[in-house]
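As numbered in the UniProt record's numbering, residues 1 to 547 make up the sequence shown, in order.
C-beta atoms are modelled at their ideal positions from N, C-alpha and C, and glycine is treated no differently.
The structure under discussion appears below in the form of structure tokens.
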Amino acid sequence: MSSPGGRGSRKKRGPAGSPPDGGATCDQVSLHKRNLYYFSYPLLALFAVLRVLVLHFGELFAWLCERMSRAMAARPKQRAADEHANKVCEQDIGEQIRNHHKQAFEYISVALRIDEDDKVHKEQAVQWYKRGIAELERGIAIEKYERDKRLQAKMITNLIMAKDRLELLVSGAVPKKRDSLTTHSSHSLPRPKHTPKKTSAAGHGGLQRSPSFIGPSSSHTQHRLSKAGNWQNCKPTTTTTPTSMSPLKKRDMKNLKNVDSKLANLILSEIIDSGSSVRFEDVAGQELAKQALQEIVILPALRPELFTGLRAPARGLLLFGPPGNGKTMLAKAVAMESNATFFNISAASLTSKYVGEGEKLVRALFAVARELQPSIIFIDEIDSLLCERREGEHDASRRLKTEFLIEFDGVQSGGDERVLVMGATNRPQELDEAVLRYCRPVWLGMSIFVLIKILWYNGNTWCMCNPCRLTEGYSGSDLTSLAKDASLGPIRELRPEQVRNMAANEVRNIRFSDFVESLKKIKKSVGPQTLDLYVRWNKDYGDTTGA
């Protein structure tokens, strides 16, 4: 049995103990709940903000997509509208250019009609020319489009031609009567010194063509052009010589007597342009040949009234000498300086595989030359055509030579004809003696003046004695090759890297040593035996005044 005190003490300990387990659990739950709230509220707020942002970004993306789709849908319409506007603008500008061209065409047509009539003062033509030029300048000033470039190019050509004619009228250099302004195809324009002669194998209306003054492209204006007079061939020359002031009557090539028009057209294709840049002063030395050409070609063309009777120029001129001394260059200079039709004939021009065709070509050559006189027939390497006639020679070659001699100075040739036959050859001893009767032989020999001019032209002022002595027997072409090779001497001393990077003014000048080195490479092309042969032949048949 337990004592009362022990029970009592147990009973008292009970009420004074810790609270029950339920209260402690509630406190722990409230603490965890509070902590959860602390951490969850910021997260919820963050997610809410993100939700709002995503919503707005979605709306913005949808708006952008809608705008882009509208823009893509509207772009073809805008492009079509722009193209339509550009087309309308281009049509308007093209119409303006055509209107300016048409108006200028009408003005200049009136000016040409007045210019052709000697009963009306030229001042009226000047006013109409000025109006036409103003219209052309307005049309050219308009911005170009692809479709209108061709028309504006025509307008530029017409503007240049109209200005040239206006300057000629203002300066008073135009006579009252201009036969060359007629539009008939059988008349040709007078040849100026600097205007090149153009040929066409297919055309029959004459030898020389002036630049075409092109009218408007519409059929209406072309019809008016045919009524007002064709102004495509009405460009007057800017400068004329005394002989070209009275234009020659050019007949149609179809009407030549005993000449096939096809053969005449073949001969027309051999006419060369007079726009060559070679002049007499470009040929060093050869003063005797230049004087002969002046007496036979240049001066009779300038003053034909002085060269009549015994002073009538020779019918032929033979340039002979070693190769490379300027025979062909003199021919080019004659084509440039003279105011004559220049035929450049070779053996291929007068030979044919058909029997009898060569003689017909020779006949056509002289017929066309007489028709287009004054004219010059230049035959390079004439010995290939007119060599000495021998036994056993081919019959076609003999007939060609005979026909050439007949046409040269036969029954058909007249004393007042202005047709010069000029030949060049390196083998004069092989020519037929009958040819020498008609030609004046002119010797083109070696000239020391050639080297002096070359050296002086290149700025070398040192003594000329040594190079002249070392180059004895060199022809003009040999000296040219020597000078070219010597000019490469300063370049040969440089390395390839220096040549690529060096300025042109840093290259040294040519020295005498460069010529000495070049003399080891460039040798004379004509031997002394050949030179002696030329000298003997010139003494027997040629002109020895300059010997």
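Check the Cα spacing between A335 and each of T351, Q294 and R311: the tightest is with Q294. Comparing C-alpha distances from I491 to each of L533, S475, D478 and N509 shows the shortest one belongs to N509. Residue pairing by DSSP places F342 opposite I376 in a beta bridge.
Rounded to the nearest angstrom, the gap between the Cα atoms of L46 and C65 is 28 Å. Here I376 really is in contact with M422; their C-beta atoms are around 6 Å apart, less than 8 Å.
Distance check between R418 and each of L169, F366 and P441 places F366 closest, using alpha-carbon atoms only. The Cβ-Cβ distance between P323 and S487 does not fall below 8 Å. Here M161 carries a helix assignment [DSSP, helix/strand/coil]. For R427, the closest of R536, V49 and V54 by C-alpha to C-alpha distance is R536. By the Cβ rule, the segment 309 to 328 counts as touching the segment 521 to 536, because three or more pairs are nearer than 8 Å. CA-CA distance, P441 to G132, rounds to 54 Å.
In the displayed model, F307 falls within coil according to three-state DSSP, outside both helix and strand. Assignment of A314 by DSSP, reduced to helix, strand and coil, places it in the coil class.
Rounded to whole angstroms, E497 and L444 show a C-alpha spacing of 45 Å. In the pairwise beta carbon analysis, the segment 476 to 485 is classified as not touching the segment 352 to 359: fewer than three pairs are separated by under 8 Å. Between C387 and E430, the C-beta spacing is below 8 Å. Note that the C-beta distance between W128 and I108 is below 8 Å.
Cβ contact annotation for I298 (same chain, cutoff 7 Å, sequence separation greater than five): E337 and S338, in chain order. Scanning P42, V526 and S269 for the CA closest to the CA of A369 turns up S269. Excluding five sequence positions before and after N344, the CB atoms of its chain that fall closer than 7 Å to its own CB belong to E270, I272 and F378, given in chain order. When the Cα atoms are used, A104 and A134 turn out to be separated by approximately 8 Å. Secondary structure at A503: coil, using DSSP grouped into helix, strand and coil. The C-beta distance from I522 to L420 rounds to 36 Å, too long to fall under 8 Å, and the pair is not in contact.
The alpha helix (DSSP H) runs of length 4 or more contained entirely in the segment 471 to 525 are, from start to end of the chain, 476 to 487, 489 to 492, 496 to 501 and 512 to 519.
Assigned with DSSP and collapsed to three states, I97 falls in helix. Taking every protein chain shown into account, the CB of R165 has 16 or more other CB atoms within 10 angstroms, so this residue is buried. R363 has its alpha-carbon roughly 40 Å from the corresponding atom of N158. Beta-bridge partners assigned by DSSP to R67: none are found. Burial check for D395: the Cβ neighbour count within 10 Å stays below 16, so the residue is exposed. Rounded to whole angstroms, the separation of the alpha carbons of V499 and E281 is 35 Å. One thing to note: R315 has its Cβ within 8 Å of the Cβ of D409. Each residue's CA atom was taken as its position, placing E506 and V283 some 31 Å apart.
Residue pairing by DSSP puts M422 in a beta bridge opposite L317 and F378. Between the beta-carbon of I142 and that of I97 there is about 6 Å, and that keeps the pair under the 8 Å contact cut. Just so you know, the alpha carbons of E517 and R495 end up roughly 19 Å apart. Exposure of H32 is indicated by the presence of fewer than 16 other C-beta atoms within 10 angstroms of its C-beta.
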